[in-house]
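Each residue of the sequence shown is one higher than the one before, starting from 1 at the first, in UniProt numbering. For reference, the structure is listed below as structure tokens.
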Amino acid sequence: MSLFWRIFGLNALVLGAATALLLWAPVTVSVPVLITEAVILVAGLGVMLIANAALLRIGLAPLDRLTRLMTTVDLLRPGQRLEVSGHGGVAHLIRTFNDMLERLETERATSNARALSAQESERRRIAQELHDEVGQSMTAVLLGLKQIADQAGADLTAEIQQAQETTRQSLDEVRRLARRLRPGVLEDLGLVSALTSLTADFARHTGLKVVGRFDGDLPQLDRDTELVLYRVAQEGLTNAVRHADAAHVELTLRRTPRAVVLRIDDDGRGLGIGREGAGIRGMRERALLAGATLDIGSGRTGGTRVSLSLPTAEQGA
Numbered sequence: 001m002s003l004f005w006r007i008f009g010l011n012a013l014v015l016g017a018a019t020a021l022l023l024w025a026p027v028t029v030s031v032p033v034l035i036t037e038a039v040i041l042v043a044g045l046g047v048m049l050i051a052n053a054a055l056l057r058i059g060l061a062p063l064d065r066l067t068r069l070m071t072t073v074d075l076l077r078p079g080q081r082l083e084v085s086g087h088g089g090v091a092h093l094i095r096t097f098n099d100m101l102e103r104l105e106t107e108r109a110t111s112n113a114r115a116l117s118a119q120e121s122e123r124r125r126i127a128q129e130l131h132d133e134v135g136q137s138m139t140a141v142l143l144g145l146k147q148i149a150d151q152a153g154a155d156l157t158a159e160i161q162q163a164q165e166t167t168r169q170s171l172d173e174v175r176r177l178a179r180r181l182r183p184g185v186l187e188d189l190g191l192v193s194a195l196t197s198l199t200a201d202f203a204r205h206t207g208l209k210v211v212g213r214f215d216g217d218l219p220q221l222d223r224d225t226e227l228v229l230y231r232v233a234q235e236g237l238t239n240a241v242r243h244a245d246a247a248h249v250e251l252t253l254r255r256t257p258r259a260v261v262l263r264i265d266d267d268g269r270g271l272g273i274g275r276e277g278a279g280i281r282g283m284r285e286r287a288l289l290a291g292a293t294l295d296i297g298s299g300r301t302g303g304t305r306v307s308l309s310l311p312t313a314e315q316g317a
């Protein structure tokens with residue numbers, strides 16, 4: 001039965017019951033109206049309104065649930081569906097909405113995969129240019145400064161050495177940026193070595209105390225999945241430095257019977273009530289790309305905990 005006929009039938013039932021009472025019940029209305037008659041009429045009207053409201057509430061309840069889901073649905077948190085019961089118009093509407101969510105999530109995952117692939121390609125290109133062009137140019141500057149230092153007098157030695165040190169620091173920074181854009185250690189030595197290098201690099205350049213604990217018996221992961229784990233760890237450490245005001249961060253990678261779990265715990269000020277920024281939404285997009293689950297909440301001792309759970313091949317099977 002469609003929604004129109006359901007509402008029409010409910011109202012017809014209430015009005016029909018009221019009409020039947022007026023026709024066959026021994027009730028009359030005097031002129032002028034007596035107090036008892038007025039009380040009976042007002043009570044009957046109240047009963048009809050209450051019954052009508054209750055029946056309409058029951059009939060429109062699925063639409064209320066649909067409205068709440070439509071206002072809160074987030075494609076970065078897939079799987080949000082309404083339970084479908086019955087075969088009427090409302091059930092058809094809910095089923096259509098669930099199908100639409102399914103299509104949107106599929107299209108979002110496909111577009112995210114293309115966007116992230118393009119982003120990684122652009123990062124590799126920029127890293128290559130930094131290494132080959134900027135890095136080599138600064139290396140040539142260092143060699144030129146060394147030659148000048150060998151030929152210059154003692155009165156210019158201090159200035160030349162200062163210029164050499166500044167250039168050397170800038171070259172180290174360029175190389176560090178290139179490594180962050182294109183983690184060559186991930187391609188050459190694997191995920192655990194890449195995460196170890198990442199924690200050491202953050203501790204060295206930010207003053208943050210970073211502790212890494214990684215299992216060595218991880219299951220075989222493809223390159224894209226390892227890149228997702230690495231980028232989420234990188235973004236989690238970056239957020240701890242930029243936004244959390246943390247002094248200590250623990251990065252762990254564990255193998256469980258059902259999944260590989262990456263976890264970042266900091267002792268900062270926590271998430272608060274603000275909206276999720278681009279960094280967290282980027283982590284959620286990468287998690288969807290790998291078929292993983294990303295949870296962000298409070299840690300055991302305050303601060304923030306980022307947990308990425310990637311089902312293993314056995315669990316997926």
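Backbone N, C-alpha and C define an ideal beta-carbon position, used for all residues, glycine too. These figures come from a predicted structure and were not determined experimentally.
Check your understanding: Since residue 254 sits in a beta bridge, which residues does DSSP pair it with?
Key -> 261
Review point. Among 136, 161 and 135, which has the Cα closest to the Cα of residue 147?
Key: 161
**Study point:** Same chain only: Cβ atoms within 6 Å of residue 317, ignoring 5 sequence neighbours per side
**Key:** Confidence in residue 317 is poor, its pLDDT being 38 and thus under 50, which makes the residue's placement unreliable; the coordinate value appears in the next sentence. Within the same chain, residue 317 has no close Cβ partners at all.
Practice item. Would you kindly work out how many angstroms separate the C-alpha atoms of residue 103 and residue 70, rounded to a whole number? Key: 15 Å
**Study point:** Limits of the alpha helix (DSSP H) - the one that residue 168 falls within
**Key:** 157-181
Check your understanding: Along the chain, where does the beta strand (DSSP E) that runs through residue 213 open and close?
Key -> 209-214
**Study point:** Run of the beta strand (DSSP E) containing residue 304, from where it starts to where it stops
**Key:** 304-311
Review point. Is residue 248 helix, strand or coil by DSSP?
Key: strand
Practice item. Classify residue 242 as helix, strand or coil using the three-state DSSP reduction. Key: helix
Review point. Are residue 202 and residue 237 close, meaning C-beta to C-beta below 7 Å?
Key: yes
Point to revise | Where residue 277 falls: helix, strand or coil (DSSP) | key: coil
Point to revise | Sequence ranges, alpha helix (DSSP H) only - wholly within the segment 106-156, length at least 4 | key: 135-151
**Study point:** Proximal residues to residue 225 (C-beta, below 6 Å), its chain only, five neighbours per side dropped
**Key:** 290
Exercise for review: Measure the C-alpha to C-alpha separation of residue 127 and residue 269 and round it to an integer number of angstroms.
Suggested key: 33 Å
Check your understanding: CA-CA distance, residue 180 and residue 267?
Key -> 24 Å
Practice item. Compare the C-alpha of residue 96 against each of 110, 81, 109 and 107 and name the closest. Key: 81
Check your understanding: Which residues in the same chain as residue 138 place their Cβ atom closer than 7 Å to its Cβ, once the five residues preceding and following it in sequence are excluded?
Key -> 167, 170, 171 and 174
Practice item. Run the CB neighbour count on residue 283, radius 10 Å, all protein chains shown included, and call it buried at 16 or more, exposed below. Key: buried
Point to revise | Contacting residues, own chain, Cβ-Cβ under 6 Å from residue 264 (five flanking each side not counted) | key: 236, 251 and 306
Exercise for review: Use the C-beta contact count for residue 216: other C-beta atoms within 10 angstroms, 16 or more gives buried, fewer gives exposed.
Suggested key: exposed
Review point. Roughly how many angstroms lie between the CA atoms of residue 176 and residue 124, to the nearest whole one?
Key: 14 Å
Practice item. Find out if the Cβ-Cβ distance for the pair residue 11, residue 285 is shorter than 7 Å. Key: no
Exercise for review: Would you identify the three-state DSSP class for residue 297, choosing helix, strand or coil?
Suggested key: strand
Review point. What distance in whole Å lies between the Cβ atoms of residue 304 and residue 244, which are believed to be in contact at a cut-off of 8 Å?
Key: 6 Å
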